[in-house]
Amino acid sequence: MVTTGLLLALLGVAIAVIPAGIGSAIGVTIVGQAAAGVVTEDPSKFGKTLVLQVLPGTQGIYGFLIGFLIMQKLGLIGGVVPQVATETGLGFLLASLPIGVVGLFSAVLQGRVAAAGVSILAKRPDELVKGMIYAVMVEFYAILALLASFLAYNGVPM
Amino acid sequence: MAIASMKKIEVIGHLDCKDAVLRTLQTLGVVEVEDITHMIDGCEGEDGDLSLASTQIFRADDSNRLAAIEDKISVVRSSLQFIERLSPRKKSLMEQFTGYQVPLTQSQLDEYISDTDALNTLIARVAELERQLGSLEGQESDLAQALEQMMPWASLEIPVESLCGTRHTTVLVGVADGEHLHELLDQVEEACEGTAVVTVVSQSRQTARLVVVVHRDHEDDVLSVLRSHGFSNQSFPFNRGLVSEFVEKTRDELGRVRAQIDEVKREVRALDGEKSRLWAVLDAYEIERDRFLVTERLVRTKKVFALLGWSKADECNKIEKALAEIDDALVVTIKDPAEGDDPPVVLVNNRLTRPFEVILDLYSLPKADEIDPTAAVSFFFALFFAMAVADFGYGVVLALTSYVLLRKVRMSDLGRKTFELLFISGVAAAVFGLITGGFFGASLGYSLISPTEDPIAFIALSLGLGIVHLYAGMIIEFYDNVRRGQVMAGLFDQGLWLLLLTSLIVLGLQSQTSINIPLGEYAGWVAAASAVGLVLTQGRHQSNLLLRLGSGLASLYDISGYFSDVLSYTRLLGLGMASGVIATVINLVASMFWSTPVIGPVVTIVIMVFGHVFNLFIGVIGGYVHVSRLQYIEFFGKFFEGGGRAFSPLKAKSRYVYVTDTQQQGG
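Just so you know, the protein sequences line up as chains A and B, in that order.
In terms of the numbering used here, the first sequence opens at residue 97 and continues consecutively.
In terms of the numbering used here, the second sequence opens at residue 1211 and continues consecutively.
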């Protein structure tokens, strides 16, 4: 028997995974495009551009992480349809909001900063780490959202 | 640990010794030559004007020799680029980070540099090949273009010399718009009243190639119809014979030229082995150029030159001795830096802390009179990095990988320091992994504190260590203030804040937990007193009493800054948890395949290997950058000024080659 609670919890999984994943996909795209331009000029910078490109990819991982944890706590991974109270499901839904929403925006914005970092790489390859630091400034807010989601998830009783 | 104490070196000597002095200094590689030409601005005369006063001072430039060596460099460089273009060296992914130098034995290197005949022959040979290739490629493109133009005419069965008309007819040969060909044919038919024959030689969507034979009386009518269809005359790049014959001939010719091009390219590729000769010579030339460039920083009179340099204090004896061997008449003076001097900065650290200098290099060096924070940075960087990775397996893999790379791969100084840093941090992560009990996402069977199993305790640990980090920064600044004799500034700016923050923490702990803190009952009083102290002292730069109190009150707002600083350390939990949970997920997904017959275990292992390598990669990048940020923003913000000038001595720096069979020299 599929309960409303289970459906709400699954909606929570979707809200954690989907926007953060979309945000990361966009962010990684933005950096990838900028990087391809630099590599056209100097193919030997490929490795370094890769380092910048993975940075906006983490939000998608964070979103997936919360989604996965919820599924695990629900017992879905085991393959048995679990019984979930409506309040519990709603709790999971709300817990996934921070990483879903913040993940979406921060990944896109971080992608832009990292793309600007790629232009540092084009002109002054030795200063790569500075570009990375700028991008990581944005990432911190995704980490805070991840922590908020995680702590809330942790607090939802099964 | 510290900033090396620097000495100022003045050298004055006869111009004849100038080259020998610079050569010696370059070989020693421990003296930075300072530009002193600005000192003579205004008293500089027309160069070469010897009628001026005998004390006339000039820049000791070497522009002729500099220009000559730059020419040589550009010739060698362009030869290299030409060979490299046709016979490139593929850089491995690793070399993109570490750089690449050509390995040579000492005897090879000597042979390359001394054998100028071989070099000149090689350069002439490369230039000749480059010229040949250019001319062949020109021919190739002409032939290819002619071929492309004539191909559509190949089916024309009239020799071109016959396309010239008769007494009564004109022959029009050309290209017209192919899209409305039927229309064109009808209109021509109409205009010529049956006196024209149109042959369509070939037709594509855009163009039709036509041969029109028309009676001279109707030539103009037909031509205007053709023009309205975009007709333009076609000329042929040959005078006799069929187009198809020409096409055949051109094709043969093209094949021949292309074979020649391949031959030339093969010859260039055969020179691939000579690249190391060119690299070696280029290296030697650039070292010479560096010396001429430094000459521009010296001043001279007609007979005498003067040089000002900086060196580490413990190298001075060596320098004096080496210079004394050149000429007794050299005047070498060694001095302490004076007020207003800006000595370059060299950090002196031990084996364990030296790698962490890269963290400073990427931010800024301390000023010459500041405290070198490398030791503190080393400790906290390794600690926080360990917390961000927090897995015994990952730590071991990182340390081992770094160790192997350091052993097997030749790296630049920066690359070596970075991997040494990762090695130390990897060891720290492994040790911390023993505490968290994490092992590639699985558990070692126990856990003293873990980001995934007890996040609340881990967050408390992160915040607590964050506070220790910030306190360390404030204490360094306190010490620095005292060291400079500004005891009051130290007591007011750091001491009072330390008191206030500590008492607030104690108050917070007492109200939220049941921990019993000795002397805790006085915390409230201490907090109030230090807050009042801050209000009274933080505005002391203001002369107006009201403004002074205002500034003091406003300074209490800094408490929010400290609060956000501490909060920033929660990222350690975020990173540790993300890395830990992803590792668990990898294991879980991988284990789902385990029971599938035959391929199951293979898939499981592949997923685990790739998954963990990826997760470690992300974790190391994230850890490195986030932990660097904690140093730069939170830690350095408390005390570090920065802006020191890096020491860049004149030295014989090999950029492209290295010698394999001499023992490594220190430094």
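Glycine included, each C-beta is placed from N, C-alpha and C at the ideal position.
The alpha helix (DSSP H) spanning residue i covers which residue range?
{"i": "glycine 1451(B)", "result": "Segment: none, glycine 1451(B) is in no alpha helix (DSSP H) and carries neither H nor E."}
{"i": "arginine 1693(B)", "result": "1665–1693"}
{"i": "alanine 203(A)", "result": "182–219"}
For the beta strand (DSSP E) that contains residue i, what are its first and last residues?
{"i": "phenylalanine 1515(B)", "result": "1514–1522"}
{"i": "threonine 1409(B)", "result": "1406–1413"}
{"i": "valine 1555(B)", "result": "Neither: valine 1555(B) is in no beta strand (DSSP E) and is coded neither H nor E."}
{"i": "alanine 1418(B)", "result": "1417–1425"}
{"i": "methionine 1818(B)", "result": "Methionine 1818(B) -> not in any beta strand (DSSP E); alpha helix (DSSP H) instead, spanning 1810–1839."}
{"i": "tyrosine 1868(B)", "result": "1867–1869"}
{"i": "glutamate 1393(B)", "result": "Looking at the DSSP string, glutamate 1393(B) is not in any beta strand (DSSP E); the run it does join, the alpha helix (DSSP H), is 1391–1402."}
{"i": "isoleucine 1544(B)", "result": "1541–1545"}
{"i": "proline 1313(B)", "result": "1312–1314"}
Among the residues of its own chain, which have a CB less than 8 Å from the CB of residue i, if the five just before and after it don't count?
{"i": "glutamine 149(A)", "result": "Val124, Val127, Gly128, Ala131 and Ala210"}
{"i": "lysine 1513(B)", "result": "His1224 and Leu1225"}
{"i": "glutamine 1874(B)", "result": "For glutamine 1874(B), the predicted model reports a pLDDT of 46, less than 50, meaning its position is unreliable; a value from the coordinates is still stated below. Counting only Cβ-Cβ distances below 8 Å, and skipping sequence neighbours, we find nothing."}
{"i": "isoleucine 173(A)", "result": "Met167"}
{"i": "isoleucine 1333(B)", "result": "Val1285, Val1286 and Ser1289"}
{"i": "threonine 1405(B)", "result": "Val1424, His1425, Asp1427 and His1428"}
{"i": "glycine 1762(B)", "result": "Leu1744, Val1745, Leu1746, Thr1747, Gln1748 and Gly1749"}
{"i": "isoleucine 1323(B)", "result": "Ala1490, Val1491 and Ala1494"}
{"i": "tyrosine 1868(B)", "result": "Gln1311, Val1312, Pro1313, Leu1314 and Arg1620"}
Are the C-beta of residue i and some C-beta of chain B separated by less than 7 Å?
{"i": "alanine 112(A)", "result": "no"}
{"i": "isoleucine 239(A)", "result": "yes"}
{"i": "methionine 228(A)", "result": "yes"}
{"i": "leucine 242(A)", "result": "yes"}
{"i": "glycine 159(A)", "result": "no"}
{"i": "phenylalanine 188(A)", "result": "no"}
{"i": "valine 109(A)", "result": "no"}
{"i": "serine 215(A)", "result": "no"}
{"i": "phenylalanine 201(A)", "result": "no"}
{"i": "serine 120(A)", "result": "no"}
{"i": "valine 252(A)", "result": "no"}
{"i": "valine 234(A)", "result": "no"}
{"i": "glycine 143(A)", "result": "yes"}
Below 8 Å on the Cβ atoms is my guess for residue i versus residue j; work out the distance and round it to an integer in Å.
{"i": "leucine 1608(B)", "j": "leucine 1632(B)", "result": "6 Å"}
{"i": "glutamine 1444(B)", "j": "valine 1383(B)", "result": "5 Å"}
{"i": "glycine 1786(B)", "j": "proline 1661(B)", "result": "4 Å"}
{"i": "leucine 103(A)", "j": "glycine 196(A)", "result": "With a Cβ gap of about 17 Å, leucine 103(A) and glycine 196(A) do not count as contacting."}
{"i": "leucine 1373(B)", "j": "valine 1381(B)", "result": "5 Å"}
Per DSSP, which residues does residue i bridge with? Please list them.
{"i": "valine 1575(B)", "result": "First, the residue type needs correcting, since residue 1575(B) is leucine and not valine in the sequence shown. According to DSSP, leucine 1575(B) bridges with Gly1854(B)."}
{"i": "asparagine 1330(B)", "result": "Answer is none; asparagine 1330(B) lacks a bridge partner."}
{"i": "glutamate 1244(B)", "result": "Leu1518(B)"}
{"i": "leucine 1382(B)", "result": "Val1422(B)"}
{"i": "serine 1653(B)", "result": "Gly1648(B)"}
{"i": "lysine 1217(B)", "result": "Ser1521(B)"}
Does any residue of chain A have a CB that is nearer than 7 Å to the CB of residue i?
{"i": "histidine 1836(B)", "result": "yes"}
{"i": "threonine 1563(B)", "result": "no"}
{"i": "isoleucine 1572(B)", "result": "It is worth fixing the name first, because residue 1572(B) is leucine in this sequence and not isoleucine. True, the Cβ-Cβ gap to chain A drops below 7 Å."}
{"i": "isoleucine 1831(B)", "result": "yes"}
{"i": "arginine 1839(B)", "result": "yes"}
{"i": "threonine 1780(B)", "result": "yes"}
{"i": "glycine 1784(B)", "result": "yes"}
{"i": "aspartate 1259(B)", "result": "Low per-residue confidence applies at aspartate 1259(B): pLDDT is 46, beneath 50, and the placement is therefore not dependable, though the value from the model is reported in the following sentence. It does not; no Cβ of chain A falls within 7 Å."}
{"i": "valine 1791(B)", "result": "yes"}
{"i": "valine 1795(B)", "result": "yes"}
Please work out which residues of its chain come closer than 7 Å, Cβ to Cβ, to residue i, disregarding the five sequence neighbours upstream and downstream, and give them in chain order.
{"i": "leucine 1709(B)", "result": "Val1736 and Ser1740"}
{"i": "glycine 213(A)", "result": "Leu148, Gly227, Met228, Tyr230 and Ala231"}
{"i": "alanine 1354(B)", "result": "Leu1464"}
{"i": "lysine 1217(B)", "result": "Ser1521, Ala1523, Cys1526, Ile1544, Lys1545 and Asp1546"}
{"i": "phenylalanine 1210(B)", "result": "For chain B, the structure presents residues 1211 to 1877; residue 1210(B) sits outside this window and is missing."}
Got a sec? Which residues, its chain only, sit under 6 Å from residue i by beta carbon, not counting five neighbours each side?
{"i": "aspartate 1259(B)", "result": "Confidence is the limiting factor: at aspartate 1259(B) the pLDDT is only 46, short of 50, which leaves the residue's position unreliable and the question unanswerable from this model."}
{"i": "phenylalanine 1629(B)", "result": "Ser1612, Leu1615 and Leu1616"}
{"i": "arginine 1269(B)", "result": "Thr1247"}
{"i": "leucine 1232(B)", "result": "Arg1501"}
{"i": "alanine 1214(B)", "result": "Lys1522, Val1556 and Val1558"}
{"i": "serine 133(A)", "result": "Residue identity check: residue 133(A) is glycine in the sequence provided, not serine. For glycine 133(A), where only same-chain residues beyond five positions count, there are no Cβ hits under 6 Å."}
{"i": "glutamine 1342(B)", "result": "Val1474"}
{"i": "valine 1742(B)", "result": "none"}
### Query
Residues in the stretch 1301–1333 of chain B with C-beta within 9 Å of chain C's C-beta atoms, listed in sequence order?
Although the question refers to chain C, the structure presented lacks it and instead comprises the protein chains A and B.
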